[in-house]
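S.K.: The sequence shown: position 226 = 226 (the UniProt record's numbering), numbered continuously. In this text, a Cβ means the ideal position worked out from N, Cα and C, and glycines have one as well. Model, not experiment: these values are computed from the prediction. Dumping the structure here so I can ask a few things about it.
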Amino acid sequence: MSIHDDRPSGAGGNRDDRAQRGGKKSADGPTGTQGLGVQDYDYYDDAAYNDGAATSVVDRRSGDEFYEELDTRKPFGWNAGADLGLLALRLVIGGIFAAHGAQKLFGVLGGTGPEAFAQSLAKSGFEQSAVLSLVTGGTELGAGALLVLGLFTPLAAAGIVGVMASAIVSMKLPGPFFDQEGGYEYLVVLIAAALCLMFAGPGRVALDNGRAWFRHPLVSGFISLVIAAGSSAAVLILLRS
Numbered sequence: 001m002s003i004h005d006d007r008p009s010g011a012g013g014n015r016d017d018r019a020q021r022g023g024k025k026s027a028d029g030p031t032g033t034q035g036l037g038v039q040d041y042d043y044y045d046d047a048a049y050n051d052g053a054a055t056s057v058v059d060r061r062s063g064d065e066f067y068e069e070l071d072t073r074k075p076f077g078w079n080a081g082a083d084l085g086l087l088a089l090r091l092v093i094g095g096i097f098a099a100h101g102a103q104k105l106f107g108v109l110g111g112t113g114p115e116a117f118a119q120s121l122a123k124s125g126f127e128q129s130a131v132l133s134l135v136t137g138g139t140e141l142g143a144g145a146l147l148v149l150g151l152f153t154p155l156a157a158a159g160i161v162g163v164m165a166s167a168i169v170s171m172k173l174p175g176p177f178f179d180q181e182g183g184y185e186y187l188v189v190l191i192a193a194a195l196c197l198m199f200a201g202p203g204r205v206a207l208d209n210g211r212a213w214f215r216h217p218l219v220s221g222f223i224s225l226v227i228a229a230g231s232s233a234a235v236l237i238l239l240r241s
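In structure tokens, the structure reads:
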């Protein structure tokens with residue numbers, strides 16, 4: 001890199017300081033700085049500069065190169081906090097439904113057993129109440145156990161959604177919403193929790209980890225939602241008078 005000195009000769013400079021490289025004297029006469037005894041310094045020192053490429057703040061990469069670098073970056077990962085939260089949700093919801101299913105099927109944990117539950121279904125207008133009581137209790141027990149294990153989570157959540165939706169329509173509607181008035185508020189909360197597991201999946205601390213429906217939670221969630229809606233509608237239409 002060379003610097004040309006455009007200063008007028010009267011200012012004590014040379015027309016081209018390149019003539020002073022290496023301590024050479026200028027032939028410009030009295031207009032130079034030789035008479036001042038500084039001839040060895042009468043040049044612009046550009047030794048600190050080089051001919052290398054200047055640093056640019058502009059990204060001159062082509063589109064393909066830019067996006068190839070983006071592809072190599074680490075993607076956003078699922079974090080341990082989400083896994084822990086989904087595990088807690090599974091254990092609580094799964095434990096609750098497994099306990100309710102055991103009450104209906106075996107009369108344990110303060111339950112009344114299948115006969116009393118069948119009578120309750122008959123009062124609500126259901127036909128084949130004895131069979132339906134076993135199916136409902138088995139669904140709750142099985143779905144709860146599967147949620148605890150994190151196995152077939154979308155289908156387990158579908159079973160819970162279907163049972164709770166049928167209970168709301170057959171036993172609570174029309175009626176108040178809030179729980180203190182005998183409404184179906186608590187059942188809606190359980191449905192919402194099951195829907196979260198249906199679409200978010202069980203988390204990585206589960207037996208579903210790595211399976212096809214685990215890798216595609218949105219697709220499996222919609223399929224399970226259709227199954228839940230279809231089964232609930234079938235029970236309400238075919239088995240309720």
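For serine 241, count neighbouring C-beta atoms within 10 Å of its own C-beta (all shown protein chains included) and say buried if the count is 16 or more, exposed if not.
M.R.: So serine 241 ends up on the exposed side.
S.K.: Per DSSP, what kind of secondary structure is phenylalanine 178 in: helix, strand or coil?
M.R.: Here phenylalanine 178 sits in coil by DSSP.
S.K.: With H, G and I counted as helix, E and B as strand and the rest as coil, what does DSSP make of aspartate 16?
M.R.: Here the model assigns aspartate 16 a pLDDT of 49, short of 50, so the residue's position is not dependable and the matter cannot be decided.
S.K.: Would DSSP call glycine 126 helix, strand or coil?
M.R.: Reading off the sequence, residue 126 comes out as phenylalanine, not glycine. If DSSP states are grouped into helix, strand and coil, phenylalanine 126 belongs with the strands.
S.K.: Quick check: alanine 130 and alanine 116, are their CB atoms within less than 9 angstroms of each other?
M.R.: The answer is no: Cβ separation not under 9 angstroms.
S.K.: Since glycine 137 contacts lysine 104 with CB under 8 angstroms, what's their CB separation in whole angstroms?
M.R.: Going by Cβ atoms, the distance from glycine 137 to lysine 104 rounds to 3 angstroms, so yes, they are a contact pair.
S.K.: In its own chain, which residues sit with a C-beta less than 7 angstroms from the C-beta of valine 169, not counting the 5 before and 5 after it?
M.R.: If we look at valine 169 and ignore the five residues flanking it on each side, its Cβ neighbours are Leu236.
S.K.: DSSP beta-bridge partners for arginine 240?
M.R.: In DSSP, arginine 240 forms a bridge with Phe126.
S.K.: Taking the alpha-carbon positions, what's the valine 92 to alanine 102 distance?
M.R.: If you take the alpha carbons of valine 92 and alanine 102, they lie about 15 angstroms apart.
S.K.: Out of curiosity, what's the CA-to-CA distance linking serine 232 and glycine 159?
M.R.: Each residue's Cα considered, the two are about 9 angstroms apart.
S.K.: Among Ala82, Ala88, Trp213, which one has its Cα closest to the Cα of threonine 153?
M.R.: Ranking Ala82, Ala88, Trp213 by Cα distance to threonine 153 puts Trp213 first.
S.K.: Residue range of the alpha helix (DSSP H) that proline 154 falls in?
M.R.: Start and end: 153-167.
S.K.: According to DSSP, is glycine 203 helix, strand or coil?
M.R.: Reduced to three states, the DSSP call for glycine 203 is coil.
S.K.: Please state if the CB of leucine 239 and the CB of methionine 198 are separated by a distance shorter than 9 angstroms.
M.R.: No. Outside cutoff.
S.K.: When burial is assigned at 16 or more other CB atoms within 10 Å of the CB, is glycine 201 buried or exposed?
M.R.: Buried, because 16 or more other Cβ atoms sit within 10 Å of the Cβ of glycine 201.
S.K.: Consult DSSP for leucine 109 and reduce its assignment to one of helix, strand or coil.
M.R.: Here leucine 109 sits in coil by DSSP.
S.K.: Under 8 angstroms by Cβ, that's how I've got valine 205 and leucine 87 pegged, so tell me the actual separation to the nearest angstrom.
M.R.: That pair is a contact at about 5 angstroms.
S.K.: Quick one: give me the first and last residue of the alpha helix (DSSP H) that arginine 215 is part of.
M.R.: Where arginine 215 is concerned, the enclosing alpha helix (DSSP H) stretches over 212-215.
S.K.: Nearest to alanine 156 by alpha carbon, out of Gly142, Met164, Ser166?
M.R.: Selected option, being the one with the closest Cα: Gly142.
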